[in-house]
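Trainee: Protein chains in written order, with full-length UniProt numbering: chain W, 1 to 251; chain Y, 1 to 251; chain A, 1 to 251; chain R, 1 to 251.
Think of the CB as a built atom: it goes at the ideal place given N, C-alpha and C, for glycine as much as any other residue.
Handing you this structure, nothing more for now.
There are 4 protein chains.
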Amino acid sequence: MTTNRIRVGVLGAQGRVGQAICAAVEAAADLELVARVDKDDALDVFTESGTQVVVDFTHPDVVMSNLKWLIDHGIHAVVGTTGFDDTRLAEVRDRLADHPEVGVLIAPNFAIGAVLTMRFAEQAARWFESVEVIELHHPNKADAPSGTAYRTASLIAAARQAAGVGRSPDATSTALDGARGADVDDVRVHSIRLAGLVAHQEVLFGTQGETLTIRHDSIDRTSFVPGVLLGVRRIADRPGLTVGIDPLLDL
Amino acid sequence: MTTNRIRVGVLGAQGRVGQAICAAVEAAADLELVARVDKDDALDVFTESGTQVVVDFTHPDVVMSNLKWLIDHGIHAVVGTTGFDDTRLAEVRDRLADHPEVGVLIAPNFAIGAVLTMRFAEQAARWFESVEVIELHHPNKADAPSGTAYRTASLIAAARQAAGVGRSPDATSTALDGARGADVDDVRVHSIRLAGLVAHQEVLFGTQGETLTIRHDSIDRTSFVPGVLLGVRRIADRPGLTVGIDPLLDL
Amino acid sequence: MTTNRIRVGVLGAQGRVGQAICAAVEAAADLELVARVDKDDALDVFTESGTQVVVDFTHPDVVMSNLKWLIDHGIHAVVGTTGFDDTRLAEVRDRLADHPEVGVLIAPNFAIGAVLTMRFAEQAARWFESVEVIELHHPNKADAPSGTAYRTASLIAAARQAAGVGRSPDATSTALDGARGADVDDVRVHSIRLAGLVAHQEVLFGTQGETLTIRHDSIDRTSFVPGVLLGVRRIADRPGLTVGIDPLLDL
Amino acid sequence: MTTNRIRVGVLGAQGRVGQAICAAVEAAADLELVARVDKDDALDVFTESGTQVVVDFTHPDVVMSNLKWLIDHGIHAVVGTTGFDDTRLAEVRDRLADHPEVGVLIAPNFAIGAVLTMRFAEQAARWFESVEVIELHHPNKADAPSGTAYRTASLIAAARQAAGVGRSPDATSTALDGARGADVDDVRVHSIRLAGLVAHQEVLFGTQGETLTIRHDSIDRTSFVPGVLLGVRRIADRPGLTVGIDPLLDL
């Protein structure tokens, strides 16, 4: 009884991410891996194999032509490749206008825990006097704070501003440089770099007598897999362009 | 310019909770404490003082007659007194039917962090293979698990069941009695009792390569205050009966 | 059978700290509270009552004359009053030279958990590539980092230097100001200020594949009490001057 | 200038652990990997290559004959192979008696963070009224609690008993089965099983107003490497048998 399984193809199948996705698709009872494609392969294998959904973790240089081909051939796409700005998103929407039955999901972050952390932080933001963000990563990371922490702090700041909540109280009058962290739209963000860590983030909220902490720990590089599979399972029911996996989480 | 401040009365003003509420109302720029009432006092002071909202943290024996009097006199109520079962809630609804302009908020838990923890846990429940709950309290607590942890686990279990998510994976084949915690609808709950703690709860979710932790720490007994003030500020705009502060949190 | 109980006096008995100590002494089966003294009272009450150990949480202006009187009268002392520099400590040692049977304990921090945190951090310091310190306090605190965090970082740095351990690895090349915290002798320290917190500190160590975290949470102002009682019970067996409670902890 | 590097051999070089050790030895500036041996290889390669220290992560069936050969040939050994009971340790000591210059280190756990956690827990045990242990592992683990948690709880219990400390206070009168965890010598131990975790342990101590938490997180399988390298560097200076890496940590 394999006839009802979703037929999945993977673009960039030999990359580290692609390999993890292939393994996960093969392990899933409701999915069937029917095509693995890498940069020198023709895309025709997707049509020949009856692929219904293609996962694309390739490169900004090739993802747009991949996407156009997939849309034109009526194949849904789940895309983790980076580099999508407003112009590119508009191009994808245009192309989809001629193929209203096709669904495309483009997401900057497929880790469900990371996405929920941001969402919950946004929801909680206005209900606490105080908020700070701590992100903790391996010591090889080049930027501080992390992009996710920066974005989380911005979302929190926007939610507080919209609700008319002022700055977190802070009576600090004597401080060593840097002790109070970086300021992202009035939200303090602290970056820890420690051997033995991978990628972690903690959002701390506080008000009279209580605190709420939302913490996300990503301890291996395959934490994107469940989010990708979710996209594969849902995208056929979401024609048009979906940006981010949030809308799939029924929040 | 005090004319626009909400005129607040407190029932049970001399109790420990009542005192904390009186202090908080007095400290709030947009609220005015106009009446403090205890068990031997007449309720007329509320009408005489032009009270708009009364906070009731009294006793199950008297709260129903308090509420009827308040509703009949067109005064909104924010109620933290315990003992409201379906019968009592129905009685309140009946009384409110004749006074459609009056708002009554009855909540078992005014700690915003506790309410958000439950809500977020419910939303996250279906997206992770695994979930367990740890609650940590001072060693004088009589019941294990706590009522809040029991309720949190039940909400998580219901959300997972509704989404068709099975039990958390668990290969344990050799265990000491109790090591794996209590079973609440297939969700494992662990109760820690430790001197130096007050009331804390942690919900742990996990899936491939990542975990999400939602933790609530309540470290003093006034953590209900912000939730009560929120109720006081909002109840005039919510005629009828509201149960729990969740609907006020715009989630 | 109260005859074997240690006879305890309290100097500064009406202060907030003094009250907590009086209550704790009265609650301890092996201690007897025989004298409460405040600033306008004569010290003679200690000799009249047969006091064996006096606890002094008073003021830098009066503590030296208190101590001299106690030493001269053969009474042991446990001192939490601040302001002891090397000069003052030398004065106390001199006075004790003439009364070799008297024990005096002077400690800047009586919270056993804080002292153990520092000690363990010092012991662990050389065994991990990476270390950072996070301290978290209520938002009314004036200084950042806290004195305890500063001292903890200094102890860690000294232990690493003595063992020839270099700086924690850190590839950060792009950072917002403050993101990476304050630098205390090459140890990064991050200060969180949040409503709903009291006084907390976390020391994070990391090396290949593992991290070790030592966390101290002080959630009410009486966390000094067990350390003071420990001092009261032990000081008679430690003639001379003892600085800090570390030597009493049998580490 | 490689002449001063320690010449290292690895037994079980092709195993997962052996590979990680080979890689680490090769990456260390002060060590030189001179021999890789697996089960069908002759041990003579160690003498031929001038190996000074051999690391043995093999199998209980072969480790004793490996060790005898190494001792007889004057080669130091660092052993992570399991299965050493008192009889086996006595045999090793006997063999070493004839070769007093040889050092052998046999350790059940090379993760420095795990060893420090146990040591610190033992030191802190007597100073807190309350203690509980939480261990958290991936869901494929067969036993609950983990061996490390069981041993940690036993060490804590022994330290408390030696100091005359009674049971942790606990007023629980109504509990669901298992809520309060397993009882290991009067210390409560809780086992969490969660997808997305590897191996983690938390020891919680509490007394009036404060708690101390010692947490160890092991997030990949190579966390034994730094402890093995430490053994390799130190064993030549420790003739005779050393059990456990604790004595190498200068605590």
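1. Look up residue 6(W) in the DSSP assignment and give the residues it is bridged to.
2. Excluding sequence positions up to five away, which residues of its chain have a Cβ less than 7 Å from the Cβ of residue 20(A)?
3. Out of 247(W), 126(W), 240(W) and 219(W), state which residue places its alpha-carbon closest to the alpha-carbon of residue 205(W).
4. State the DSSP-derived secondary structure class of residue 56(A), mapped to helix, strand or coil.
5. Are any of the Cβ atoms in chain R nearer than 8 Å to that of residue 6(W)?
6. Suppose contacts are defined by Cβ-Cβ distances below 8 Å. Is residue 122(A) in contact with residue 182(A) by that definition?
7. Have a look at residue 162(W) and residue 14(A) and give me their C-alpha separation to the nearest angstrom.
8. Count the other C-beta atoms from every protein chain shown that fall within 10 angstroms of the C-beta of residue 1(Y), then say buried if there are 16 or more, exposed otherwise.
9. Which residues bound the beta strand (DSSP E) around residue 116(R)?
10. Can you tell me whether residue 145(A) is buried or exposed, with buried defined as 16 or more other CB within 10 angstroms of its CB?
11. With a threshold of 8 Å between beta-carbons, can residue 155(R) be considered close to chain Y, or not?
12. Are residue 138(A) and residue 212(R) closer than 8 Å when you measure CB to CB?
13. Using alpha carbons as the reference points, say which of 16(A), 157(A) and 26(A) lies closest to residue 6(A).
14. Thinking C-beta only, is residue 37(A) closer than 8 Å to residue 55(A)?
15. Beta carbon of residue 104(R), beta carbon of residue 67(R): below 8 Å?
16. If you drop the 5 nearest sequence neighbours on each side, which residues of the same chain put their C-beta closer than 7 Å to that of residue 34(R)?
17. Do residue 153(Y) and residue 198(Y) count as a contact pair if the criterion is CB distance below 8 Å?
18. Could you check the C-alpha separation between residue 81(R) and residue 29(A) for me, to the nearest Å?
19. Nearest CA to the CA of residue 229(W): which residue from 113(Y), 128(Y) and 47(Y)?
20. Spell out the partners DSSP gives residue 200(Y) in its beta bridges.
21. For the alpha helix (DSSP H) holding residue 225(Y), just list the boundary residues, first then last.
22. How about residue 110(Y) and residue 73(Y): are their beta carbons less than 8 Å apart?
23. Taking beta-carbon pairs under 9 Å, can you tell me which members of the segment 202 to 231 of chain W lie near chain R?
24. So is residue 196(W) in contact with chain R if we call contact Cβ pairs under 8 Å?
25. With residue 192(A) as the anchor, note down where its beta strand (DSSP E) starts and where it stops.
26. If we ignore side chains and look at the alpha-carbon of each, how far apart do residue 191(Y) and residue 172(Y) end up?
27. Using the beta-carbon count (16 or more within 10 Å), is residue 248(R) buried or exposed?
28. Between which two residues does the beta strand (DSSP E) holding residue 282(Y) run?
29. For residue 227(A) and residue 112(A), which I take to be in contact (beta-carbon distance under 8 Å), what is that distance rounded to the nearest angstrom?
30. Give me the Cα-Cα distance between residue 136(R) and residue 203(R), rounded to the nearest whole angstrom.
31. List the residues of chain W that residue 235(Y) touches, going by C-beta distances under 8 Å, in chain order.
32. Which residue wins for smallest C-alpha separation from residue 174(R), given the options 231(Y), 232(Y), 240(Y) and 143(Y)?
33. Measure how close the beta-carbons of residue 195(W) and residue 169(A) come, nearest whole angstrom, since I'm counting them as under 8 Å.
34. Measuring only between beta-carbons, confirm whether residue 112(W) sits less than 8 Å from chain Y.
35. Between residue 241(A) and residue 89(A), is the Cβ-Cβ spacing less than 8 Å?
36. At a CB distance below 7 Å, what residues from the segment 113 to 143 of chain R approach chain A? Give them in sequence order.
Mentor: This is what the structure holds:
1. In DSSP, residue 6(W) forms a bridge with 31(W).
2. Correct list, in chain order: 222 and 225.
3. Distances from the alpha-carbon of residue 205(W) to those of 247(W), 126(W), 240(W) and 219(W) put 126(W) closest.
4. Residue state, collapsed to three classes: strand.
5. Chain R, which has no Cβ nearer than 8 Å to the Cβ of residue 6(W), makes this no.
6. No; because the gap between Cβ atoms is not below 8 Å, this pair is not in contact.
7. Cα to Cα, residue 162(W) sits roughly 48 Å from residue 14(A).
8. At residue 1(Y) the pLDDT is 45, less than 50, meaning the model places this residue with poor confidence and gives no usable figure here.
9. In this chain, residue 116(R) is not harboured by any beta strand (DSSP E); it is covered by the alpha helix (DSSP H) spanning 112 to 124.
10. Buried, since its Cβ has 16 or more Cβ neighbours within 10 Å.
11. Not closer than 8 Å to any Cβ of chain Y, the Cβ of residue 155(R) fails to qualify, so no.
12. No.
13. Relative to the Cα of residue 6(A), the nearest Cα in the group 16(A), 157(A) and 26(A) belongs to 26(A).
14. Cβ distance not < 8 Å, so residue 55(A) and residue 37(A) don't count as in contact.
15. Cβ atoms of residue 104(R) and residue 67(R): closer than 8 Å.
16. Only residues of its own chain outside the window of five on either side were considered, and among them 7, 8, 9, 49, 50 and 51 have a CB closer than 7 Å to the CB of residue 34(R), listed in chain order.
17. Remark: C-beta atoms of residue 198(Y) and residue 153(Y) do not approach each other more closely than 8 Å.
18. Taking the straight line joining both Cα atoms gives about 51 Å.
19. The candidate whose alpha carbon is nearest that of residue 229(W) is 128(Y).
20. Residue pairing by DSSP places residue 200(Y) opposite 136(Y) and 217(Y) in a beta bridge.
21. Unbroken alpha helix (DSSP H) run through residue 225(Y): 225 to 234.
22. For the 8 Å CB-CB criterion, residue 110(Y) and residue 73(Y) do not form a contact.
23. Residues 217, 218, 219, 220 and 223.
24. It does; some Cβ of chain R falls within 8 Å.
25. Membership of residue 192(A) in the beta strand (DSSP E) is indicated by the continuous run 187 to 193.
26. For residue 191(Y) and residue 172(Y), the gap between their C-alpha atoms comes out near 20 Å.
27. Counting other Cβ atoms within 10 Å of its Cβ, residue 248(R) reaches 16 or more and is therefore classed as buried.
28. This structure cannot speak to residue 282(Y), because chain Y is shown only from 1 to 251.
29. Right, the Cβ-Cβ distance comes to about 5 Å (below 8 Å), so this counts as a contact.
30. Spanning the two alpha carbons is a distance of roughly 11 Å.
31. What residue 235(Y) touches in chain W: nothing, since even the nearest Cβ is about 17 Å away.
32. That would be 143(Y), whose Cα lies nearest to the Cα of residue 174(R).
33. With a Cβ gap of about 6 Å, residue 195(W) and residue 169(A) count as contacting.
34. By this cut-off, residue 112(W) is an interface position.
35. Their beta carbons are under 8 Å apart, which means residue 241(A) touches residue 89(A) by this criterion.
36. Flagged, chain order: 113, 116, 117, 120, 123, 124 and 127.
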